[in-house]
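Quick note on the numbering used here: the sequence shown kicks off at 15 and runs consecutively. Built from N, CA and C at the ideal position, the CB exists for glycine as well. A quick note: this is a predicted structure, and the numbers were derived from the prediction, not measured. As structure tokens, the structure follows; a few thoughts come after it.
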Amino acid sequence: MATLDGNNLGNIQNENQNKDSSLFNQPLPGSDSNNSILLDLFGVTRTISIDGIKSGTAAQLNTFIITIETLISGGQAGVTYVSSLSTFANKTVFVNSFNWNYVKGDPSKISYSLQLTEGVAVA
């Protein structure tokens, strides 16, 4: 079961993780690619994209939506994401975005997308 800040995320349809080193790449004029200067100056970021379906009564779905939207507060300190699809146990993440809509023809389900970024808050 995947959770975000202890909240069950329901049925995860897709999870995509991108770990990017953001290398500084400086090709040299008149040289082939094997002579490019590569510098690892900027550190590494991980972005997690989740698509899921959450089922429940209207009240349960409303609570889920409000709970996830509350995490995007303008003063985030990071929350724990536990994935059910990958091998890592816990990641501290910030919520970039949360989009949802009702599943067509079924008012007891919503489909949603979450965009998360791994990291820690700077105090």
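- Inter-residue distance for Phe56 and Thr106 is about 20 angstroms (C-alpha atoms, whole angstroms).
- When secondary structure is reduced to three states using DSSP, Ile26 falls in the strand class.
- Per DSSP, Asn48 lies in no beta strand (DSSP E) and is assigned neither H nor E.
- Partner residues in the beta bridge of Asn113, as assigned by DSSP, are Ser127.
- Excluding five sequence positions before and after Thr61, the CB atoms of its chain that fall closer than 6 angstroms to its own CB belong to Asn32 and Thr131, given in chain order.
- Annotated as proximal: Ser63 and Leu128, with beta-carbon spacing under 9 angstroms.
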